[in-house]
Amino acid sequence: MIVSAKDIKKFIVSVLIPLIIGFSSNFIAEIISKTDSNIQYLELIKPGFFPPPYIFPIIWTILYILMGISAYLVSKKDLNSLKVRDAMFYYYLQLGLNFIWSILFFGLGLRLTSLVVIGIMIVVVMVMIIKFTKVDKRAAYLNLLYLAWLFYAFFLNYVIWSINR
Numbered sequence: 078m079i080v081s082a083k084d085i086k087k088f089i090v091s092v093l094i095p096l097i098i099g100f101s102s103n104f105i106a107e108i109i110s111k112t113d114s115n116i117q118y119l120e121l122i123k124p125g126f127f128p129p130p131y132i133f134p135i136i137w138t139i140l141y142i143l144m145g146i147s148a149y150l151v152s153k154k155d156l157n158s159l160k161v162r163d164a165m166f167y168y169y170l171q172l173g174l175n176f177i178w179s180i181l182f183f184g185l186g187l188r189l190t191s192l193v194v195i196g197i198m199i200v201v202v203m204v205m206i207i208k209f210t211k212v213d214k215r216a217a218y219l220n221l222l223y224l225a226w227l228f229y230a231f232f233l234n235y236v237i238w239s240i241n242r
């Protein structure tokens with residue numbers, strides 16, 4: 078199987094987009110709050126079973142790479158197809174919600190608002206997975222870990238919000 082330079086470039090861009098969006102969101106949140114998000118996380122009141130802060134960048138990097146690969150698999154189909162455009166709409170919508178979550182939670186300290194956003198994100202990701210399934214099942218499967226993590230993140234966000242009100 079021969080892979081073209083165009084396909085390699087498209088793959089790299091597909092993987093870089095969620096990585097850049099995710100990490101720039103955290104960067105903007107830290108600029109707004111004037112505090113490192115790891116320090117903020119450590120300063121929050123939370124139960125002892127919560128993961129240490131170094132876990133989050135590792136998990137999110139893996140999830141962003143999987144998101145990018147899944148977007149590549151879907152977008153390499155016919156981008157003019159309504160089915161593909163529809164699936165990619167939900168992909169970019171969830172990326173936008175993902176982007177604003179860190180800014181709300183860490184940058185602005187809006188824990189309840191960020192909880193609502195992550196709840197909406199869960200619904201959007203479920204729809205995205207369904208849409209991806211209709212285009213490329215592998216792309217949908219790559220996002221199941223992301224969906225599971227979002228449910229866990231929702232739980233973490235809820236507990237932090239309820240304890241730190």
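In my numbering, the protein residues as written are 78 to 242.
Glycine included, each C-beta is placed from N, C-alpha and C at the ideal position.
Subject >> Assumed close pair Ala164, Lys111 - CB separation to whole angstroms, cut-off 8 Å >> reply: Incorrect: roughly 39 Å between the Cβ atoms, too far for contact.
Subject >> Residue interval of the alpha helix (DSSP H) (run including Ser81) >> reply: Looking at the DSSP string, Ser81 is not in any alpha helix (DSSP H), and its letter there is neither H nor E.
Original post:
Just the Cα atoms here: how many angstroms apart are Ala148 and Phe183?
Top reply: 27 Å
Original post:
Quick one: Cα of Val200 to Cα of Thr190, how far?
Top reply: So the alpha carbons of these two residues sit roughly 16 Å apart.
Subject >> Environment of Tyr141 [buried if 16+ CB atoms lie within 10 Å] >> reply: With 16 or more other Cβ atoms within 10 Å, it is buried.
Original post:
CB Leu143 to CB Pro130, shorter than 9 Å?
Top reply: no
Original post:
Would you say Ile195 and Leu172 are within 9 Å of each other, going by their C-beta atoms?
Top reply: no
Original post:
What's the gap between the Cα of Asn157 and the Cα of Asp213?
Top reply: 15 Å
Original post:
Can you name, in chain order, every residue of its own chain whose Cβ lies under 8 Å from the Cβ of Val161, other than the five neighbours on each side?
Top reply: Val151, Ser152, Lys154, Asp155, Val212
**OP:** Note down, in chain order, each residue of its chain lying with its Cβ closer than 8 Å to the Cβ of Phe231, except the 5 sequence neighbours on either side.
**Re:** Leu192, Ile195, Gly196, Ile199, listed in sequence order.
**OP:** Measuring alpha carbon to alpha carbon, tell me which of Ala106, Ile89, Val92 ends up nearest Gly186.
**Re:** Ala106
Original post:
If you count every other CB in all the chains shown that lies within 10 Å of the CB of Arg215, and 16 or more means buried, which is it?
Top reply: exposed
**OP:** Pick out whichever of Ile109, Ile139, Gly125, Lys83 has its Cα sitting closest to the Cα of Gly99.
**Re:** That would be Ile139, whose Cα lies nearest to the Cα of Gly99.
Subject >> Rounded separation between Ile108 and Ile79 - CA only >> reply: 44 Å
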